[in-house]
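Undergrad:
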Amino acid sequence: MYSKKVMEHFTNPRNVGVIKDADGTGEVGNPVCGDMMKITIKVKDDVITDINFQTLGCG
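What the sequence shown shows, in our numbering, is residues 625 to 683, in sequence order.
Okay, here's the thing in structure tokens:
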């Protein structure tokens with residue numbers, strides 16, 4: 625039904641969470657229905673060195 629790659633990302637998600645001392649944060653979504661995504665990044669010398677995300681959805 626799902627490819628091995630999809631199942632690998634589902635069972636072992638990467639870059640999930642929030643970077644506490646992030647240099648940048650972005651949020652998008654609709655809080656009324658509960659669909660939200662937040663991305664946090666670390667930047668050094670104009671290059672993204674780390675990125676994490678959190679998602680919430682009503683699904």
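In this text, a Cβ means the ideal position worked out from N, Cα and C, and glycines have one as well.
Go ahead and label residue 635 buried or exposed: buried means 16 or more other beta carbons lie within 10 angstroms of its beta carbon, across all protein chains shown.
TA: exposed
Undergrad: Beta-carbon separation of residue 663 and residue 647 under 8 angstroms?
TA: no
Undergrad: Would you kindly work out how many angstroms separate the C-alpha atoms of residue 631 and residue 638, rounded to a whole number?
TA: 13 angstroms
Undergrad: Thinking residue 640 and residue 676 are a contact (beta carbons under 8 angstroms), I'd like their distance in whole angstroms, please.
TA: 7 angstroms
Undergrad: Out of 628, 682, 625, 672, which one is the CA nearest neighbour of residue 649?
TA: 672
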